[in-house]
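**Q**
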Amino acid sequence: MNEQAIIQDENEIVLDVYGITKSFSDNHVLNGIDLTVRKGEVIVILGPSGCGKSTFLRCLNCLEDPTSGEIIFDGENLADMKVDINKHRRKIGMVFQNFNLFNNKTVLKNITLAPTHIALKELRAKKIKNFFIKIGNFFRKNKKELLIIEKTKKEIIKESNDNAYALLRRIGLEDKANEYPSTLSGGQKQRVAIIRALAMNPKVMLFDEPTSALDPEMVGEVLNLIKEVADDGMTMVIVTHEMGFAREVATRVIFMDEGVIGEQGTPSEVFDNPQNPRTKQFFNAIL
Amino acid sequence: MNLAVKWQIFVSKMASEEYIILIFKGLKTTVKIAVFGLIIGIIIGTLVATVKVAPKYKLIVRILDKICAAYTAFFRGTPMVVQLLFAYYVILPLLGIKGVDAEIVGIITFGLNSGAYVSEIMRGGITSVDKGQFEAARALGLGYGTAMIKIVIPQAIKNIMPTLGNEFITLIKETSVLSFITVTDLFKAFKTIAEANRNYEYLIPYTILGLIYIVLVLIITLLVRIIEKIFAKSDRKAESPKKKAKEKVNS
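Protein chains in written order, with this note's numbering: chain V, 1 to 287; chain D, 288 to 538.
1) Using a beta-carbon distance below 7 Å, is Met243/V in contact with chain D?
2) Measure the Cβ-Cβ separation of Ile43/V and Val237/V and say whether it is below 7 Å.
3) Counting along the chain, where does the beta strand (DSSP E) carrying Asn27/V start and finish?
4) With DSSP collapsed to three states, give me the class of Gln264/V.
5) Is the number of C-beta pairs between the region 93-109 of chain V and the region 166-185 of chain V that are closer than 8 Å three or more?
6) Could you check the C-alpha separation between Glu305/D and Ser401/D for me, to the nearest Å?
7) Determine, for Leu427/D, whether the minimum Cβ-Cβ distance to residues of chain V falls below 7 Å.
8) Which word fits Tyr404/D, buried or exposed, when buried means at least 16 other C-beta atoms lie within 10 angstroms of its C-beta?
9) Quick check on the burial criterion: 16 or more other C-beta atoms within 10 angstroms. Buried or exposed for Lys87/V?
10) Once you ignore the five residues that flank Ser415/D on each side, which residues in its own chain have a CB closer than 6 Å to its CB?
11) Can you list the residues of chain V that Gly419/D reaches, using a CB-CB cut of under 9 Å?
12) Could you pull out every unbroken alpha helix (DSSP H) segment of at least 4 residues lying fully inside the region 128-201 of chain V, listed in chain order?
13) Helix, strand or coil for Gly428/D, going by three-state DSSP, please let me know.
14) Quick one, are the C-beta atoms of Val14/V and Val204/V less than 7 Å apart?
15) Do you know offhand how far Gln420/D's Cα is from Ala119/V's?
16) At the 7 Å Cβ level, is Pro432/D part of the contact set with chain V, yes or no?
17) Is the region 466-475 of chain D touching the region 310-317 of chain D, taking contact as three or more C-beta pairs under 8 Å?
18) Leaving out five residues before and five after Val439/D in sequence, what residues of the same chain have Cβ atoms less than 7 Å from its Cβ?
19) Using the C-alpha atoms, what's the distance from Gln188/V back to Val229/V?
20) Note down the Cα distance separating Gly233/V from Gly244/V, rounded to an integer number of angstroms.
21) In the structure shown, what three-state DSSP assignment does Lys319/D receive?
22) Mapping the DSSP letters down to three states, classify Lys53/V as helix, strand or coil.
23) Given a cut-off of 7 Å on the beta-carbon distance, is the pair Leu214/V and Gly172/V in contact?
24) Just to make sure I have the definition right: I need the residues of chain V whose C-beta is within less than 9 Å of the C-beta of Lys343/D. Which are they?
25) Determine, using beta-carbon pairs with one atom in the region 241-258 of chain V and one in the region 46-56 of chain V, whether at least three such pairs fall under 8 Å.
26) Looking only at DSSP bridge pairs, what is Gly94/V linked to?
27) What did DSSP end up calling Tyr18/V once you bin it into helix, strand or coil?
28) May I ask you to report which of helix, strand or coil DSSP gives Gly69/V?
29) Give every residue of the same chain whose Cβ lies closer than 6 Å to the Cβ of Val338/D, excluding the five residues on either side of it in the sequence, and list them in chain order.
30) Is there a Cβ of chain V sitting closer than 7 Å to that of Ala423/D, yes or no?
31) For Glu70/V, which option in Cys62/V, Ala79/V, Asp175/V, Ser212/V has the closest C-alpha, if you only look at C-alpha atoms?
32) Using beta carbons (cut-off 7 Å, strictly below), is Ile440/D in contact with chain V?
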């Protein structure tokens, strides 16, 4: 672990998690987890089912509000209810087990919906502010400068469409742009879900068992795409049951058990030479 | 009196143009109040349903939720006639408003009544949409309202189309109580005809009235089917047949 850690230590911290706990009434799912995610890291979380892997991942972007603990992202604590969580979620991409493509939108719209909507909202806010500045300028001696509007509505839409097409081209689904998700295969859906998250230019991506709902023959295409994205330097936290993939792509492997981190280290350390008896037992059972 | 005589009386009454106009006027009023009532109902119902399913962290949401619950309880708990009479003969004089068209009162009361039912229908529709759709929207940084309006509610409406059709049918038939507040709807029109010339002959007019209601309901059923099909089509194929035909020509 040390060698890896030294290399990673030089990179900036993307996500810093302190003492996360989560309970559903009497059921304590997470019992205090600390994790520091640095830029460029690919962290794979393994563990028996029900150990809280998915809950932990969903806590990272507050889809589940943690019961206690801190999640520091961009200098703010996401666990704090006062923080504008929407602003931060834009920079935390999430890929779900069940794809969750919007059924009522075409593939293209699925990808462009959020970026376009957010950019247009900002544009509207700027225009309203400018309007008030203009009114104020009537009475001011020193005229206040207007906010600069860089792109018009048309340009915003065109840009996000172009971006979406470029991403679709990358995964070879350009011709499906105007189809509805129900016409896609599972593997195609998940790949679209991944580029939908990518279209927001996230700082970190979270994968919640991205291949668990797929037919075996489609797992490969999805894993290849994730690996490609990882190779481009994306920071990732992945919950998966694909051990081979974990070993190949991970820079750090975390073994979770009963809501705490049981063991962590480089893939070779954890897979080949596990120290924790529970980890040993887990690998013996599945490998 | 045998049937032929009854028919004769009816035909002689209908010879007067004024009664034909009356029927069409009644039909127009009935459809108008039902349609506008449903539109208002869908808007109110959607808003109320959104409050009902919203997470109850904030005090304001909890207060709104209680108000919505009271609203639903009142409008589902009392008959439409009572609501109409209350609105027209109690609330209007109480507020001192005069000269309001009874039709407007009808539309508003129908809208409020329908909103209570639609809110429950819509709540069912919203809960029937996979939770992942909402989560995916939120995970992309969209707010609660945006996620609801752009993703969840359109899918919910698709799911509840048949039930909404039902609600519309109920509204169309319930307009027959509008005569209580002096609105001339379809029922009132036929009642007037039946009682015209101090000749109280109900059989034929009321039979025809019933048939017109049946035809109206059948038309609505057909319309709902067509809308459902349009929704289903957009689910399977994005490209319209025209577009595909064009592509074929091009290739």
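The beta-carbon is built from N, C-alpha and C at its ideal position, and this holds for glycine as well.
Computed from a predicted model, the values in this text were never measured in an experiment.
**A** For this structure:
1) no
2) Cβ distance < 7 Å, so Ile43/V and Val237/V count as in contact.
3) 27-38
4) strand
5) yes
6) 33 Å
7) Cβ-Cβ to chain V under 7 Å: yes for Leu427/D.
8) So Tyr404/D ends up on the buried side.
9) exposed
10) Only residues of its own chain outside the window of five on either side were considered, and among them Asn446 have a CB closer than 6 Å to the CB of Ser415/D, listed in chain order.
11) Phe96, Gln97, Asn98, Phe99, Asn100
12) 153-170, 186-198
13) coil
14) Cβ atoms of Val14/V and Val204/V: closer than 7 Å.
15) 21 Å
16) Before going further, note that residue 432/D is Gly rather than Pro in the sequence given. No, its Cβ sits nowhere closer than 7 Å to a Cβ of chain V.
17) The region 466-475 of chain D vs the region 310-317 of chain D: in contact.
18) Ile413, Val416, Gln420, Phe421
19) 16 Å
20) 20 Å
21) In the structure shown, Lys319/D adopts helical secondary structure according to DSSP, grouped into three states.
22) helix
23) no
24) Residues of chain V passing the Cβ test: none, with the nearest at roughly 13 Å.
25) Taking 8 Å as the limit for Cβ pairs, the verdict is that the region 46-56 of chain V does touch the region 241-258 of chain V.
26) According to the sequence provided, residue 94/V is Met. The question's Gly does not apply to it. Leu206/V.
27) Correct three-state label for Tyr18/V: strand.
28) In the structure shown, Gly69/V adopts extended strand secondary structure according to DSSP, grouped into three states.
29) Leu351, Asp352, Cys355
30) yes
31) Ala79/V
32) So no, Ile440/D is outside the interface.
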